[in-house]
Amino acid sequence: MSDCGDSDVLWIPYKERPEWSDVTPVPEDDGPNPVVVIAHSEKFEDVYDYFRAVLQSNEKSERVLHLTKDALELNPANYTVWQYRRDLLKHLNTDLRTELDYVEAVIKNSPKNYQVWHHRRVLVEWLQDPTMELELTGDALLQDPKNYHAWQHRQWAIKTFGLYEKELDFVDNLITDDVRNNSAWNQRYFVVNNNLGWSDLICQQEVCYTLEKINFVKNNESAWNYLRGLLIHDKRGLSGNAVITSFCEELYKNKCRSPFLLAFIIDVCEDAIKKKDTNCFHNADRAVELCQALATRYDKIRSKYWNYLCERYKKYQSEQLSNDNKTNDLIIDE
Amino acid sequence: MNNEGNKDMAHRQHVKYFMRFLNILPSSLSSHDTTRVTIAYFSVAGLDVLGSISAISLDLRSRIIEWLYRLQVHPDKETGDMSLCGFQGSSTINIRLDPDNNQFRCGHLAMTYTGLCILLALGDDLSRINRTALIQGVKALQTDEGNFSATLSGCESDMRFVYCAACISYILNDWSGFDIEKATDYVIKSIGYDYGIAQCPELESHGGTTFCALATLALTDQLDKLSEAQIDGLKRWLVYRQIDGFQGRPNKPVDTCYSFWVGASLKILNALQLTNYGSNRRYVYETQDMVVGGFSKWPDTCTDPMHTYLGLSGLSLIGESGLLEIEPRLNITKRAYEHLKCLHEQWVS
Numbered sequence: 001m002s003d004c005g006d007s008d009v010l011w012i013p014y015k016e017r018p019e020w021s022d023v024t025p026v027p028e029d030d031g032p033n034p035v036v037v038i039a040h041s042e043k044f045e046d047v048y049d050y051f052r053a054v055l056q057s058n059e060k061s062e063r064v065l066h067l068t069k070d071a072l073e074l075n076p077a078n079y080t081v082w083q084y085r086r087d088l089l090k091h092l093n094t095d096l097r098t099e100l101d102y103v104e105a106v107i108k109n110s111p112k113n114y115q116v117w118h119h120r121r122v123l124v125e126w127l128q129d130p131t132m133e134l135e136l137t138g139d140a141l142l143q144d145p146k147n148y149h150a151w152q153h154r155q156w157a158i159k160t161f162g163l164y165e166k167e168l169d170f171v172d173n174l175i176t177d178d179v180r181n182n183s184a185w186n187q188r189y190f191v192v193n194n195n196l197g198w199s200d201l202i203c204q205q206e207v208c209y210t211l212e213k214i215n216f217v218k219n220n221e222s223a224w225n226y227l228r229g230l231l232i233h234d235k236r237g238l239s240g241n242a243v244i245t246s247f248c249e250e251l252y253k254n255k256c257r258s259p260f261l262l263a264f265i266i267d268v269c270e271d272a273i274k275k276k277d278t279n280c281f282h283n284a285d286r287a288v289e290l291c292q293a294l295a296t297r298y299d300k301i302r303s304k305y306w307n308y309l310c311e312r313y314k315k316y317q318s319e320q321l322s323n324d325n326k327t328n329d330l331i332i333d334e
Numbered sequence: 335m336n337n338e339g340n341k342d343m344a345h346r347q348h349v350k351y352f353m354r355f356l357n358i359l360p361s362s363l364s365s366h367d368t369t370r371v372t373i374a375y376f377s378v379a380g381l382d383v384l385g386s387i388s389a390i391s392l393d394l395r396s397r398i399i400e401w402l403y404r405l406q407v408h409p410d411k412e413t414g415d416m417s418l419c420g421f422q423g424s425s426t427i428n429i430r431l432d433p434d435n436n437q438f439r440c441g442h443l444a445m446t447y448t449g450l451c452i453l454l455a456l457g458d459d460l461s462r463i464n465r466t467a468l469i470q471g472v473k474a475l476q477t478d479e480g481n482f483s484a485t486l487s488g489c490e491s492d493m494r495f496v497y498c499a500a501c502i503s504y505i506l507n508d509w510s511g512f513d514i515e516k517a518t519d520y521v522i523k524s525i526g527y528d529y530g531i532a533q534c535p536e537l538e539s540h541g542g543t544t545f546c547a548l549a550t551l552a553l554t555d556q557l558d559k560l561s562e563a564q565i566d567g568l569k570r571w572l573v574y575r576q577i578d579g580f581q582g583r584p585n586k587p588v589d590t591c592y593s594f595w596v597g598a599s600l601k602i603l604n605a606l607q608l609t610n611y612g613s614n615r616r617y618v619y620e621t622q623d624m625v626v627g628g629f630s631k632w633p634d635t636c637t638d639p640m641h642t643y644l645g646l647s648g649l650s651l652i653g654e655s656g657l658l659e660i661e662p663r664l665n666i667t668k669r670a671y672e673h674l675k676c677l678h679e680q681w682v683s
């Protein structure tokens, strides 16, 4: 990572380097009675003593650029060093392409560090060149397909520079690798939402895609959440899409009792109740029955939650009952 | 480590564990060099939730307080500028700088927030806090988007720092540096299609950022800006995070810290009682180190102060005996919160 010494045998402290003899190191002043003291190595102290010195003298030179590299190798989370380095890059008119290579190497070693991704983003903004970003984040996601930092950088680059073209293929590959990769499902939503748009045709395509994935693994929250999410854009709502409701009933009939299936049918019932559009499959009775099944059998860890929802549907039941009675009364009155 | 025996709190060991972190740390923690205040926060808050704040001697208490006040960045002596004010996370850059690069010595929102929490837990009266300056420091960090950067130069901005800014404003009882409308808008825009809340709009919903978002809405009294569908959806998304303990995202492994992040989010929505306390408790105890104290994210892995504190505060939320009650919005004990309320009364009169 750094060109001066992963091996401490070859390490020469700054205080022993003749080319630094003009600089007086500035030790850390942690007060008379410090707490949570980190017992830093001698190397750490040496490097940061010299970093403080150049910060104080505001020296902007190649040797300081090099010093920041050493300082960052010892602590890549030091945001002040990164910021000073950026000031140096500007001041020295450094070739930012080599800096891209450098930060790529640091990212490979510390892929979950906020500061390195921020540095990368600033460089890409300066260069206005995002050509490497999909590959860089793709590599990081190969290592860890749920790396939040990598996804954040990727979304930023895609959105800022309009790089949507091949993103759905990328997402599809990840979902094929692991259908439970929730980050990939989220990225699918991101692409459709920003690029393709939720036209009727796209909605329909996405419904088919998702149902196929659910058929493959039924107990997968990510796919069910995506299905519910894309229906936000369907004017007919949760209960109005016959393809989906009959798919669910088919699963149910075939003895599938995935908690996510049952929960989805409950949501369809709720939607139907609210729209006063209940039918023999989707009504308060069914919702009550499913909540009870979840609470007692299929999702016991959330039994309190399902019982709580059950109470809501019982209320609907009794409202429905009293409405029915009122209608009956009216008929009798007539 | 035999986890079968882990069903009880290793109270004494945890106290010792935190006391060690308050003193000296190994060089392997060098990458935490700029965030030492947060380590102090986890340790002090941890001792507080254990009901053991008195384990910190009066001498050590005053050492911690003095150390913290040295990290407060004051207004520029010449110009009176307050945009850099706040707490630094350590003394690494605690040096006198020329006006040219003065901006490198600046407060960091997470350090200001956790620094204030430590002072409250230790019973300090915040009289040496320059409240106006800290609030101006907060104000300088809100972006057009409504979120906050951590520091004035060279840091990312996201939901974490919205939360820190809200806590600072709440603690100092001054919202003049925090545009509530803009921040609320940012939070609402970060609600995902699955109703969880992300670090920024359109990113994946996450248990930690959902906590930051909901606690911000609670502290700013804006929970009523959520629609009924959003509240129902959030409750569902949050209770779904329970496997035995809690996970931070769908289809990710369970992790001790989410017993707090998700637990406190549910508590804020008055829905924690809908989860299974027994399983939650059992999982957290599986990550306890009975011998040297501390909790880790997973069973049989390395403990750290963050998971130890969040494990304990997560247990406190579900009423574990022997622990002090937690104020979920600020992530401090009710005891420290009562002290804050007394200070607020003094400031008003």
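If you read the sequences in order, they're chains A and B.
Going by my numbering, 31 is the number at position 31 of the first sequence; the sequence numbering is gapless.
Position in the second sequence (first residue = 1) + 334 = my numbering.
A virtual CB, placed ideally from N, CA and C, is assigned to each residue, including glycine.
Scan the stretch 184–242 of chain A and note each continuous alpha helix (DSSP H) run of 4 residues or more that stays entirely inside, going in chain order. Counting whole runs of 4 or more residues, the stretch 184–242 of chain A contains the alpha helix (DSSP H) stretches 200–216 and 221–230.
So, with DSSP's three-state summary, where would you put B:ILE660? Judged by DSSP in its simplified three-state form, B:ILE660 adopts strand.
A:PRO34 to B:ARG397 span [Cα, whole Å]: It is roughly 7 Å from the alpha-carbon of A:PRO34 to the alpha-carbon of B:ARG397.
Given 8 Å as the limit, is there contact between the stretch 448–466 of chain B and the stretch 107–117 of chain A, that is, 3 or more CB pairs closer than that? As far as the Cβ criterion goes, the stretch 448–466 of chain B does not touch the stretch 107–117 of chain A, which means the pair count is below three.
Would B:MET335 pass as an interface residue toward chain A - the criterion being a Cβ-Cβ separation below 9 Å? Note that B:MET335 scores 42 on pLDDT, short of 50, meaning its location in the model is unreliable; the coordinates nonetheless yield the value given after this. Using a CB distance cut-off of 9 Å, B:MET335 does not count as an interface residue toward chain A.
Does the beta carbon of B:ARG526 come closer than 9 Å to any beta carbon on chain A? The residue asked about is misnamed: residue 526 of chain B is Gly in this sequence, not Arg. True, the Cβ-Cβ gap to chain A drops below 9 Å.
Beta-carbon within less than 6 Å of B:THR485's beta-carbon, same chain only, minus the 5 sequence neighbours each way: which residues are those? Scanning its chain for C-beta atoms nearer than 6 Å, with the 5 sequence neighbours on each side dropped, one finds around B:THR485 the residues CYS440 and HIS442, in chain order.
Which of helix, strand or coil DSSP assigns to A:GLN128: Residue state, collapsed to three classes: coil.
Please state whether DSSP places B:PHE495 in a helix, a strand or coil. In the structure shown, B:PHE495 sits in a helix (DSSP, three-state: H, G or I).
Does B:TRP595 get closer than 9 Å to chain A when you measure Cβ to Cβ? Answer no: the Cβ-Cβ gap between B:TRP595 and chain A never drops below 9 Å.
Interface positions of the stretch 374–404 of chain B facing chain A (Cβ-Cβ less than 8 Å), listed along the chain: Residues are counted here when their Cβ sits less than 8 Å from a Cβ of chain A; for the stretch 374–404 of chain B these are ALA374, SER377, LEU394, ARG397, ILE398, GLU400, TRP401 and ARG404, given in chain order.
Based on the DSSP output, what are the partners of B:GLY420 in its beta bridges? For B:GLY420, which the question treats as bridged, DSSP gives the partners B:VAL407.
Which listed residue (B:LEU402, B:GLY423, B:TYR403 and B:PHE352) has its alpha carbon closest to that of B:VAL378: Selected option, being the one with the closest Cα: B:PHE352.
Cβ of A:THR94 within 9 Å of any chain B Cβ: Not one chain B Cβ lies under 9 Å of A:THR94.
Around the Cβ of B:GLY339, are there at least 16 other Cβ atoms within 10 angstroms (buried) or fewer (exposed)? Model confidence at B:GLY339 stands at a pLDDT of 47, short of 50, so the residue's coordinates are unreliable and nothing is read from them.
Just how far apart, CA to CA, sit B:TYR306 and A:GLU270? Because chain B is modelled from 335 through 683, residue 306 of chain B falls outside the range shown and cannot be assessed.
I'd like to know whether the C-beta of A:THR245 is nearer than 9 Å to at least one C-beta of chain B. So no, A:THR245 is outside the interface.
Taking only the alpha-carbon atoms, compute the straight-line gap between A:VAL37 and B:THR369 and give it to the nearest angstrom. For A:VAL37 and B:THR369, the distance between alpha carbons rounds to 11 Å.
Hey, quick one: how far does the alpha helix (DSSP H) through B:TRP632 stretch, first residue to last? Careful: B:TRP632 lies outside any alpha helix (DSSP H) and carries neither H nor E.
Let me know the secondary structure DSSP gives B:SER483 once reduced to three states. Here B:SER483 sits in strand by DSSP.
CA-to-CA distance, A:GLU319 to A:TYR274, given in whole angstroms: The identity of residue 274 of chain A in the sequence shown is Lys, whereas the question assumes Tyr. Computed Cα separation, rounded: 12 Å.
Helix, strand or coil for B:PHE580, going by three-state DSSP, please let me know. In the three-state reduction of the DSSP assignment, B:PHE580 falls in the strand class, which pools E and B.
Tell me whether the stretch 345–359 of chain B and the stretch 418–437 of chain B touch, counting them as touching only if at least three CB pairs, one residue from each stretch, are closer than 8 Å. Touching, no, given that fewer than three Cβ pairs across the two stretches are closer than 8 Å.
Cβ of B:ALA517 within 9 Å of Cβ of B:GLN476? Remark: C-beta atoms of B:ALA517 and B:GLN476 approach each other more closely than 9 Å.
Tell me the DSSP secondary structure of B:ILE390 in three-state form. In the displayed model, B:ILE390 falls within coil according to three-state DSSP, outside both helix and strand.
Of all Cβ atoms in chain B, is any one closer than 9 Å to the Cβ of A:TRP117? For A:TRP117, a Cβ of chain B is located within less than 9 Å of the residue's own Cβ.
Determine, using beta-carbon pairs with one atom in the stretch 403–417 of chain B and one in the stretch 4–24 of chain A, whether at least three such pairs fall under 8 Å. Segments in contact, no.
Close beta carbons around B:ASN610, own chain, < 7 Å, minus the five adjacent residues each side: If we look at B:ASN610 and ignore the five residues flanking it on each side, its Cβ neighbours are GLN576.
Compute the Euclidean distance between the alpha carbons of B:TYR504 and A:PHE51, then round it to the nearest angstrom. Going from the Cα of B:TYR504 to the Cα of A:PHE51 covers about 36 Å.
With 9 Å set as the bound, which would you pick, yes or no: does the beta-carbon of B:CYS489 sit closer than that to a beta-carbon of chain A? At least one beta carbon of chain A lies nearer than 9 Å to the beta carbon of B:CYS489.
DSSP on B:LEU475, reduced to helix/strand/coil? Correct three-state label for B:LEU475: coil.
Count the other C-beta atoms from every protein chain shown that fall within 10 angstroms of the C-beta of A:ASN279, then say buried if there are 16 or more, exposed otherwise. When all chains shown are included, A:ASN279 counts as exposed.
Considering only residues of the same chain and omitting the five flanking positions on each side of A:ARG85, which have a CB-CB separation below 6 Å? For A:ARG85, where only same-chain residues beyond five positions count, the Cβ hits under 6 Å are THR68.
What does the Cβ neighbour count give for A:ASN254, buried or exposed, with the cut at 16 atoms within 10 Å? Exposed, because fewer than 16 other Cβ atoms sit within 10 Å of the Cβ of A:ASN254.
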